[in-house]
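First the structure, in the form of C-alpha cells, and then the observations on it.
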Amino acid sequence: MLCDCHIHSFSKAPSAGKGTYSPPNKDLGDYKPEASQNGIKRAVVVQASIDGTDNSRLIDLLSSHAEIELRGVATINPETADLPYLHSAGIRAIRVQDRERLGQSDLDKLPILVECAASTGWHVELNTEPRSFDTIFDHISCLPESTLLVLDHLGHVDPDSPEEIGKLFRLLDTGKVWVKLSPSRVSRRIGNYNDLMAMVTKIGTNYPRQCIWGSDWPHVLTKPPLPEISPMLAFLKEALNEEQFLACMSLNPERLYGF
C-alpha cells in the first residue's frame, strides 16, 4: 500500500501563525484524485509553518477523510501540548523548522522536542539544510534509543555538492536519521530528476530501511510548472530496485507512522 509521507492541506480559514508565504487554496479533496490515480492509499499530513503551533486544523483534517488513511506531523508548544490527545488524533511526529529562507530556526528546541517525542513513541521531522548537519550530528549521541530524526526533502542538499551529500550520508550512517526522498525540492530538472539518480540510488542501496517518500503536495513556494506525482514515482522506480521501492513506499512508512 503506497504512502505519501509529506503533504500539506490548506483552506480559506485564516491561519494562526505568522506565515512567510500565502498558501494556495488547496486541501485534501484536491489531492485525492491525483493520489488515487497513482495508487496512493495512505498519506501523512505535515502541519505547515503558517499555522504556528495551532494544531486544530490538522486534527480536524485527520478525522474527516475516510477514503485515504492519514497520519499527522504537528508543530507543538512543548509547554502546552496535550501529547496523549494528539496521539489519539493520529499525530505521530513533531516538526522542527530550521530554514534560513523562511527566517525560522527552532533547532535550539530540539532537545525538549525530542523528549516530547520519546514520551509518546514518536519521531522528530526536521525541515533543515546542510548548514545545520554538523549541529544535528552532535545531537545524535543524546537521542533516546528509540527516537529517530527524519530529514525533510533530502535535507535540501545541493545535488552537485559532494560535501553536502557526504554530510547527509554521515547522518544516515548513524542509523538514527532517516530521509524523505522528495525530489522536486532539490532537483534542478523538474519532471525527470536525473540529477538526483546517483544519490538516491546510493540511499536505496545503503540505507533501504531509512528512507521514505513525500510528494510535498501542493508544492508551496514552487514556481510553475508544478511537479506531478507520476514522474516522481517513475523516477524512484528507476533509482531503486523493486525491494527498495517497496520499503520506501510502503514498509518503512508503515512502521514509522504506525499505519
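Under numbering that gives the first Met the number 0, the first residue of the sequence shown carries the number 0, and numbering increases by one thereafter. Even for Gly, the Cβ is constructed at its ideal location relative to N, Cα and C.
Would residue i and residue j qualify as a contact pair, given that the criterion is a beta-carbon distance under 8 Å?
i	j	result
Y192	F234	yes
V95	N76	no
S249	L1	yes
R98	F136	no
L232	N37	yes
A34	F9	no
Y206	L171	yes
P22	I49	yes
T173	I202	no
L27	H64	yes
Identify whether residue i lies in helix, strand or coil by the three-state DSSP scheme.
i	result
E237	helix
C278	Only positions 0 to 258 of the chain appear in this structure, which leaves residue 278 out of reach.
K175	coil
E128	coil
V44	strand
A117	helix
S214	coil
S104	strand
I90	strand
D194	helix
R187	coil
L318	Within the shown structure, residues of the chain are numbered from 0 to 258, placing residue 318 beyond reach of any answer.
V156	coil
H138	helix
Apart from the five residues just before and just after residue i, which ones in its own chain have a Cβ nearer than 8 Å to its Cβ?
i	result
T134	L106
I149	According to the sequence shown, residue 149 is Val rather than Ile. Taken in chain order, the residues that qualify are A92, H122, V123, E124, L125, V176, W177, V178, K179, I211, L255.
E242	P207
N240	G203
Could you name the residues of the same chain whose beta carbon sits closer than 7 Å to that of residue i, not counting the 5 residues immediately before and after it, in chain order?
i	result
L261	No answer is possible for residue 261: the residues shown for the chain start at 0 and end at 258.
E163	P129, V156, D157
C4	V43, K179, I211, W212, G213, P252
R208	A246, N251
P226	S183, I189, H218
M198	P158, I164
E66	K31
So, at 6 Å on beta carbons, what are the nonlocal neighbours of residue i in its own chain, with the 5 sequence-adjacent residues on each side left out?
i	result
M196	A238
I58	A88
I90	G71, A73
S104	D97
Any beta-carbon of chain B closer than 8 Å to the one on residue i?
i	result
E128	Protein chain content of the structure displayed is limited to a single chain, and chain B is not contained in it.
Next on the checklist: Under 8 Å, with one C-beta from each stretch per pair, do the stretch 127 to 147 and the stretch 108 to 116 reach the 3-pair mark?
Outcome noted: Between the stretch 127 to 147 and the stretch 108 to 116 there are three or more C-beta pairs closer than 8 Å, enough to call the two in contact.
Next on the checklist: For the stretch 70 to 77 against the stretch 34 to 49, do three or more pairs of beta-carbon atoms, one drawn from each stretch, fall closer than 8 Å, so that the two count as touching?
Outcome noted: The stretch 70 to 77 makes contact with the stretch 34 to 49, as at least three CB pairs between them are under 8 Å.
Next on the checklist: Would you call the stretch 172 to 184 in contact with the stretch 211 to 221, where contact means no fewer than 3 C-beta pairs closer than 8 Å?
Outcome noted: Look at the beta carbons and you see the stretch 172 to 184 touching the stretch 211 to 221: at least three pairs across the two are nearer than 8 Å.
Checklist entry - In the stretch 28 to 86, which residue ranges form an unbroken alpha helix (DSSP H) of at least 4 residues, counting only runs that do not cross its ends? => result As far as the stretch 28 to 86 is concerned, its whole alpha helix (DSSP H) runs of at least 4 residues are 55 to 61.
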